[in-house]
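Q: My questions all concern the structure below.
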Amino acid sequence: MSTRIYIPRDAGAIAVGADEVAAALEAVATKRGAAIEIVRTGSRGLYWLEPMVEVATAKGRVAFGPVTAADATSLLDAMLADAAHPLRLGVTEEIPWLKRQTRLTFARCGVIDPRSVEDYRAHDGYKGLERALTLTSDEILADVMTSGLRGRGGAGFPTGIKWKTVAQTSADRKYIVCNADEGDSGTFADRMIMEGDPFVVIEGMTIAGVTVGATKGYIYIRSEYPHAVEAMNAAIAVAKRAGYLGPRICGSNHSFDLEVRVGAGAYVCGEETSLLESLEGRRGIVRAKPPLPAHKGLFGKPTVINNVLSFAAIPFILAGGAKAYADFGMGRSRGTMPIQLAGNIKYGGLFEIAFGITLGELVDDIGGGTFTGRPVRAVQVGGPLGAYFPRALFDTPFDYEAFAARDGLIGHGGIVVFDDTVDMAKQARFAMEFCAIESCGKCTPCRIGSTRGVETIDKIRSGERVEQNLAVVEDLCNTMKFGSLCALGGFTPYPVMSALRHFKEDFSPAPESLQAAE
Amino acid sequence: MTAVYEPWDAARGAEIIAEHSHLEGATLVILHALQEAFGYVPEPAIPMIAAALNLSRAEIHGVFTFYHDFRHEPAGRHVLKLCRAEACQAAGGDALAARAEAKLGVAIGNTTADERVTLEPIYCLGLCATAPSAMLDGRLVGRLDETRLDALIAEARR
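Chains B and P, in that order, are what the protein sequence lines are.
Here the first sequence stands for residues 139 to 656, numbered as in my numbering.
Here the second sequence stands for residues 25 to 182, numbered as in my numbering.
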């Protein structure tokens, strides 16, 4: 019997040498005549251990990492003999960082072969759709409501209400759109799930189609994610062949088809109305709301537009897990959140856990602080439009409302860690600069405000009338916050104002940032 | 690995446009397909797309110029993209970007005089837990440091 070896094909693992490791293992095995079967999976999300290679044993999968191609010979010996090795991490499921998580959405990611629908089914895949096909639209909606699921893209709007609106709007044609334009720095959960478990996204979208009566879906993936595009296209082709997509899915009366569309490097297209414009083949200019996409969305038709993670949460919920999902979490934030630990962090990766864990636990305890070993000075939560939090606010629980109460947002769940060498005035300037680069140009506060913001922060940094210019920045931020059409202009003030409020000592001609703030 | 592009040819362009023009909202799909074939979107293709989709030339020009991805002229033989977003900044990306600019003698967003290397910014490759990151002609590189960057630059210059 051949030995089964699992190596990620996740872009994050490939970027640190997973392909070279796979080729080296294959070569060594061939040379020795050892029978091995390499399965390329997604990533488990323990990125400091990537490339992490696993081998199937009688006691479960055993992991090794981080592996390099040079380790191939000794690694193969250790795997074939089930022997000790300096990179041996033990049984994968027992690794504390993984064991501590509650993996509902990411249960299969890193475990299964993302190209195999059989493997997906063998790990509880398509149970949600099979059950949904026995229910009425109202019964499915009741499950989604019960789960308490809120949009994982950042806005946190209740998914059940969005779907219900589309279900109740009559039209000759409706659409399901998956927002996979994951442009926020520090986030990679969408990429990981699309590469590691694409069928869960397809299943979630199909359930949405069945619920609201839509027969066509689009997945809009950013062009910076070529591996995710390839993975989704491959999975869609497999699902079509297996009868899970196309006319009369699973022998039911429902038809549903999916198509991948690739973005073209515009951050603003992560905003839902801009994304719809882009899908229609136009400039990604934000639309004024109302009308809501649920009433008039893609090509003017009622459209469910959700983030990848929202769709990926659906199969578990519809497989009878609605109540169980809602039992996790705190306050109005129910279920689990795939949190992404990134930047200057010792143990970076994907950590899925119930809402309610504090920022401090995530950064210090789970993330292990910085990889440079210097003190953590600031963390940015929620991407380029999220606030910078100082250590003093590390008791904030991960929850939509708790972050809002402290003038921040959880966004798409990305946490970027900075050490004490960070210059917060520079970060505030970058937030304005990024907004200026990426603004779609439709509304004045965003288009002009961001450019004036960069200029004004430059004046502050060069010591020109500091107090007066700080007041100008604050005024600009207010105008942008309340006067912008979408979250790009509206939320850029979060990183800027939080940097100003919590790290004011950096906003002077000679930043004192090198003297630790804490 | 250098991508090999075809020289612009109107008949071939028309063929690519015809292949996709039946799609809903086909403009971006066509622009991507043209760029994949020719390495950039040649100016004569714009009125051809407009005619095929029954849209105005201004409309297609507007879409073409809105998105950062679409090239107006061919890039250098190799394209080195450095992530400039926050997670990579936190992990020392700014210093590496400055190093790349100094070594190649061009500012980010430009091509070297010998047309060998185009150095571009990219805002997030989704490799934020193995930052800083880069992409050389479609190949991803994480945990970038001075040694790895120098090797990438040497490779791109060859």
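We treat Cβ as the ideally placed atom computed from N, Cα and C, and that holds for glycine.
Is it right to say Gln565/B is buried, meaning 16 or more other beta carbons lie within 10 angstroms of its own, or is it exposed?
A: buried
Q: Near Ile452/B, what residues of its chain come up, given a Cβ to Cβ distance below 6 angstroms and the 5 sequence neighbours on each side ignored?
A: Gly342 and Ile345
Q: Considering Tyr632/B, what are the terminal residues of the alpha helix (DSSP H) in which it resides?
A: Pro631 to His640
Q: Below 8 angstroms, how does it come out for the stretch 290–299 of chain B and the stretch 368–387 of chain B: are there three or more Cβ pairs, yes or no?
A: no
Q: Using a C-beta cutoff of 9 angstroms, does Phe94/P count as contacting chain B?
A: yes
Q: Give me the chain B residues within the contact set of Ser56/P, using Cβ-Cβ distance strictly less than 9 angstroms, ordered along the chain.
A: The sequence given here places His at residue 56/P; Ser does not occur at that position. Residues of chain B passing the Cβ test: Ser361, Val400 and Ala402.
Q: Assess, as a yes-or-no matter, whether the stretch 257–271 of chain B is touched by the stretch 517–526 of chain B under the definition of 3 or more beta carbon pairs within less than 8 angstroms.
A: no
Q: Along chain P, in chain order, which residues have C-beta atoms closer than 7 angstroms to that of Asn482/B?
A: Ala114 and Ala115
Q: At the 9 angstroms Cβ level, is Pro528/B part of the contact set with chain P, yes or no?
A: With 9 angstroms as the cut-off, Pro528/B does not count as an interface residue toward chain P.
Q: Is it true that the stretch 453–467 of chain B meets the stretch 241–251 of chain B, where meeting means three or more beta-carbon pairs spaced less than 8 angstroms apart?
A: yes
Q: Taking only runs that begin and end inside the stretch 573–601 of chain B, name each unbroken alpha helix (DSSP H) of 4 or more residues, in chain order.
A: 582–599
Q: The stretch 154–177 of chain P: which residues have C-beta closer than 7 angstroms to a C-beta of chain B, in chain order?
A: Correct list: Thr154, Ala155, Ser157, Gly162, Leu164, Val165, Gly166 and Arg167.
Q: Ala492/B: buried (16+ other C-beta within 10 angstroms of its C-beta) or exposed?
A: buried
Q: Go through its chain and collect everything with a Cβ distance to Asp557/B's Cβ below 8 angstroms, but skip five positions before and after it.
A: Asn482, Thr508, Thr510, Arg512, Pro513, Val514 and Arg515
Q: Which same chain residues, not among the five before or five after Asn616/B, have their C-beta less than 8 angstroms away from its C-beta?
A: Pro631
Q: Which class does Ile146/P belong to by DSSP, given the choice of helix, strand or coil?
A: Three-state result, Ile146/P: strand.
Q: Since Trp301/B and Val350/B should fall inside the 8 angstroms C-beta cutoff, what is the C-beta to C-beta distance between them, to a whole number of angstroms?
A: Contact holds; Cβ gap of about 6 angstroms.
Q: Thr141/B and Ile174/B look like a contact to me (Cβ under 8 angstroms); what is the Cβ gap, rounded to whole Å?
A: 5 angstroms
Q: Take Phe394/B as the anchor and find which of Lys354/B, Glu415/B and Val406/B has the nearest alpha-carbon.
A: Looking at the Cα atoms, Lys354/B is the closest of the given residues.
Q: What does the Cβ neighbour count give for Ala402/B, buried or exposed, with the cut at 16 atoms within 10 Å?
A: By the beta-carbon neighbour count (other beta carbons within 10 angstroms, threshold 16), Ala402/B is buried.
Q: What residues of chain B sit near Phe90/P, judged by a beta carbon separation below 7 angstroms?
A: Ala404, Arg421 and Gly422
Q: Is there a C-beta anywhere in chain B that falls below 9 angstroms from the one on Ala82/P?
A: no
Q: When you compare the CB of Tyr29/P with every CB in chain B, is at least one pair closer than 9 angstroms?
A: Taking 9 angstroms as the CB threshold, Tyr29/P stays off the interface with chain B.
Q: Name the two residues that bound the continuous beta strand (DSSP E) containing Phe489/B.
A: Gly487 to Ala492
Q: Please tell me whether Ala352/B and Asp328/B are closer than 9 angstroms, where the distance is taken between their beta carbons.
A: no
Q: Kindly indicate the opening and closing residues of the alpha helix (DSSP H) around Met190/B.
A: Here Met190/B belongs to no alpha helix (DSSP H), and DSSP marks it neither H nor E.
Q: Keeping to the same chain, check which residues put their C-beta closer than 7 angstroms to that of Ile84/P; ignore five residues upstream and five downstream.
A: Excluding sequence neighbours, Ile84/P sits near Thr51, Ile70, Ile73 and Ala74.
Q: On the DSSP letters alone, give me the boundaries of the beta strand (DSSP E) that Pro476/B sits inside.
A: Unbroken beta strand (DSSP E) run through Pro476/B: Thr474 to Gly481.
Q: Counting pairs of beta carbons, one from the stretch 163–177 of chain P and one from the stretch 580–593 of chain B, are three or more of them closer than 8 angstroms?
A: no
Q: Are the beta-carbon atoms belonging to Ala99/P and Gly63/P less than 9 angstroms from one another?
A: yes
Q: Please classify Val424/B: does DSSP put it in a helix, a strand, or coil?
A: coil
Q: Taking Glu175/B as part of the beta strand (DSSP E), name the residues at either end of that continuous run.
A: Ile174 to Thr179
Q: Can you check whether the CB of Arg101/P is closer than 9 angstroms to the CB of Glu139/P?
A: yes
Q: Would you kindly report the start and end of the unbroken beta strand (DSSP E) that includes Leu227/B?
A: Looking at the DSSP string, the run of the beta strand (DSSP E) that includes Leu227/B is Arg226 to Val229.
Q: Could you tell me whether any Cβ in chain B is nearer than 9 angstroms to the Cβ of Val87/P?
A: At a cut-off of 9 angstroms, the C-beta of Val87/P has a neighbouring C-beta in chain B.
Q: Kindly indicate if chain P contains any beta-carbon less than 9 angstroms away from that of Asp186/B.
A: Residue identity differs from the one stated: residue 186/B is Trp in this sequence, not Asp. At least one chain P Cβ lies under 9 angstroms of Trp186/B.
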